[in-house]
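Inspection log for the structure reproduced underneath, given as structure tokens.
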Amino acid sequence: MRILVTGGAGFLGSHLCDRLVEQKHDVICLDNYFTGSKRNVEHLIGNPRFELIRHDVTEPILLEVDRIYNLACPASPVHYQYNPVKTIKTSILGAVNMLGLAKRVKARILQASTSEVYGDPTVHPQPEEYWGNVNPIGIRSCYDEGKRVAETLFMDYHRQNKVDIRIVRIFNTYGPRMHPNDGRVVSNFIVQALQGKDITVYGDGSQTRSFCFVNDLVEAILRTMEQPEIGPINIGNPGEFTILELAEKVIQLTGSKSKIVMEPLPSDDPKQRQPDISKAKKVLNWEPKINLEEGLKETIAYFSTLPP
Ligand code: NAD
Ligand code: UDP
């Protein structure tokens, strides 16, 4: 098939491009390189099945494709808060443009949505039926509300125009090719530990997250695209850890002498997050295989090879 991956030069997108090229599809990777980089896909450049396009999804584009994976959007709070107006435009105008393309060429289109649609959840763990607890006017809203409107657009194009859609709600995912200055917790802690710098725990570190290794995540996205359930489907690893536990684990696995220091908690930081993956288990016959320790070891090995 001819497959478009928007945000294909980013962390998740580049791993997805790898798998699709391996499966012998013709892959078009589209990216504006805001948080992604050519380095993430340089091993694919020159492969006749792979094509790279510099483009911004807030502008329309005409292409002939059979599948669209819509991943373009900065995912780390530091990056999506850098230019919040651009972030919300990327989610919303990007969705409109990619859905318009899907409608015109009758492509199936998958949206990379997020656990952030649940906001600071009052239901735990979060099933897909939960409508969330989201602040519409806070510093995370450009991302959370942008992704919520994108889901609405996907559902309305489906109901109104019969566009063939899939929606996955991705929970915190980590692994090789995360940007070292990305600002997300796993990359921050590993880089700090390897450089012997203080490990910055925000708040008292009692907030929880559930961390999924990238290979597990990509497998679930690929399965979602090629089965009939449109979603939304939660994808993540239900193993739940406090941020303090994560810091201690990273120190242990790197053998670092770094100290843990507490810094102020950013506003609207969700207190807890854990996916209910019953639906993914049932419809995708999928569950994550890689536990936090194995995944962290692989990620630490990757960051150890980067120049300081
Ligand atoms: P990332 O920042 O590494 O990748 C995003 C990619 O999109 C980058 O290559 C960036 O340059 C590109 N991009 C941003 N704005 C663009 C625009 N206007 N036009 C074209 N390209 C643009 O982040 P990621 O972790 O790989 O996330 C990929 C997708 O998955 C995002 O949509 C994100 O919201 C979603 N997601 C990720 C996680 C996670 O934990 N990694 C969790 C939930 C949802
Ligand atoms: N966090 C932290 N130290 C850091 C970066 C993040 O304690 O250096 C915390 C952050 O406040 C949040 C959790 O780790 O509670 C996950 O943050 P991340 O930005 O990775 O993702 P999100 O908050 O979007 O789940």
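Here the sequence shown is numbered in this note's numbering, starting from 4 and rising by one per residue. For every residue, glycine included, the Cβ atom is placed at its ideal position computed from N, Cα and C.
Requested in this report: Determine, using beta-carbon pairs with one atom in the segment 178-186 and one in the segment 296-308, whether at least three such pairs fall under 8 angstroms.
Outcome: The segment 178-186 is in contact with the segment 296-308.
Report task. Return the residue from the list N164, I193 and G239 that minimises the CA-CA distance to S183. Result -> One detail in the question is off: residue 183 reads as Pro in this sequence, not Ser. Ranking the options by Cα distance to P183, first place goes to I193.
Query raised in the report: Roughly how many angstroms lie between the CA atoms of L220 and T245, to the nearest whole one?
Result: Straight through space, the alpha carbons of T245 and L220 are spaced by roughly 21 angstroms.
Report task. Measure the alpha-carbon distance for E248 versus R276 and round it to whole angstroms. Result -> Spanning the alpha carbons of E248 and R276 requires a straight line of approximately 15 angstroms.
Requested in this report: Buried or exposed for Y36, please, with buried defined as at least 16 other CB atoms from any protein chain shown within 10 angstroms of its CB.
Outcome: With fewer than 16 other Cβ atoms inside 10 Å of its own Cβ, Y36 counts as exposed.
Requested in this report: In the DSSP assignment, find the alpha helix (DSSP H) that holds Y146 and state where it starts and stops.
Outcome: Membership of Y146 in the alpha helix (DSSP H) is indicated by the continuous run S144 to N164.
Requested in this report: Using only alpha-carbon positions, find the residue among D59, R169 and C215 that is nearest to G298.
Outcome: Looking at the Cα atoms, C215 is the closest of the given residues.
Query raised in the report: When DSSP labels each residue in this structure, what does I263 get in the three-state scheme?
Result: Secondary structure of I263 (DSSP, three-state): strand.
Requested in this report: Taking V204 as part of the beta strand (DSSP E), name the residues at either end of that continuous run.
Outcome: Run containing V204: I202 to Y205, per the beta strand (DSSP E) assignment.
Query raised in the report: Are there 16 or more other CB atoms within 10 angstroms of the CB of W134, so buried, or fewer, so exposed?
Result: Classification of W134: exposed, given that the 10 Å Cβ count is below 16.
**Report entry** Anticipated Cβ contact below 8 angstroms, D279 with N237, distance rounded
**Finding:** That pair is a contact at about 6 angstroms.
Query - Interface flag, C76 vs chain D, CB-CB below 7 angstroms - result: Here there is only one protein chain, and chain D is not present.
Query raised in the report: Is the closest heavy atom of the ligand UDP to the C-beta of D59 under 6 angstroms?
Result: No; taking the cut-off as 6 angstroms, the Cβ of D59 has no heavy atom of the ligand UDP nearer than that.
Requested in this report: For W289, I'd like the list of residues in its chain whose CB is within less than 6 angstroms of its CB, leaving aside the five on either flank, ordered along the chain.
Outcome: Non-local C-beta neighbours of W289 in its own chain, meaning closer than 6 angstroms and more than five positions away in sequence, comprise A223, R226 and A283, ordered along the chain.
Query raised in the report: D272: beta carbon under 6 angstroms from a heavy atom of the ligand UDP?
Result: The answer is yes for D272.
Report task. Quick one: residues in its chain with C-beta nearer than 7 angstroms to the C-beta of S261, no 5 flanking neighbours on either side, listed in chain order? Result -> Answer for S261: Q195, A196, G199, K200, D201, I202 and I254, listed in chain order.
Report task. Compute the distance between the beta-carbons of R70 and A98, then report whether it is under 7 angstroms. Result -> For R70 and A98, no; Cβs fall outside 7 angstroms.
Query raised in the report: Can you tell me the Cα-Cα spacing of S281 and Y205, whole angstroms?
Result: If I take the Cα positions, the gap works out to 31 angstroms.
Query raised in the report: What do you get for L47, buried or exposed, if any count of 16 or more other CB atoms within 10 angstroms of its CB means buried?
Result: Around the beta-carbon of L47, 16 or more other beta-carbon atoms lie within 10 Å, marking it buried.
Query raised in the report: Skipping 5 residues on each side, what residues in its chain have a beta carbon closer than 8 angstroms to that of K300?
Result: Exclusion of the five residues before and after K300 leaves L256 as the residues of its chain whose Cβ lies within less than 8 angstroms of its Cβ.
Query raised in the report: Using DSSP with H/G/I as helix, E/B as strand and the rest coil, what is R5?
Result: In the structure shown, R5 sits in a strand (DSSP, three-state: E or B).
Query raised in the report: Would you call D123 buried or exposed, if buried means 16 or more other Cβ atoms sit within 10 Å of its Cβ?
Result: It counts as buried.
Requested in this report: Give me whichever residues DSSP pairs with F216 in a beta bridge.
Outcome: Its beta-bridge partners are Y177.
Requested in this report: Look at the Cβ atom of R151, then the Cβ atom of S118, and state whether they are nearer than 7 angstroms.
Outcome: In this structure, S118 does not lie closer than 7 angstroms to R151 by Cβ.
**Report entry** CA nearest to the CA of A250, picked from D271, E296, C76 and V217
**Finding:** Closest by alpha carbon: E296.
Query raised in the report: Quick one: Cα of K252 to Cα of N86, how far?
Result: Our two residues, K252 and N86, have alpha carbons roughly 33 angstroms apart in a direct line.
Report task. Check whether the Cβ of Y205 sits closer than 6 angstroms to any heavy atom of the ligand UDP, and report yes or no. Result -> Placement of the Cβ of Y205 at a distance of less than 6 angstroms from at least one heavy atom of the ligand UDP is found.
Requested in this report: Could you check if R42 is buried or exposed, using at least 16 other CB atoms within 10 Å of its CB as the buried criterion?
Outcome: By the Cβ-count criterion, R42 is exposed, with fewer than 16 other Cβ atoms from all chains shown falling within 10 Å of its own Cβ.
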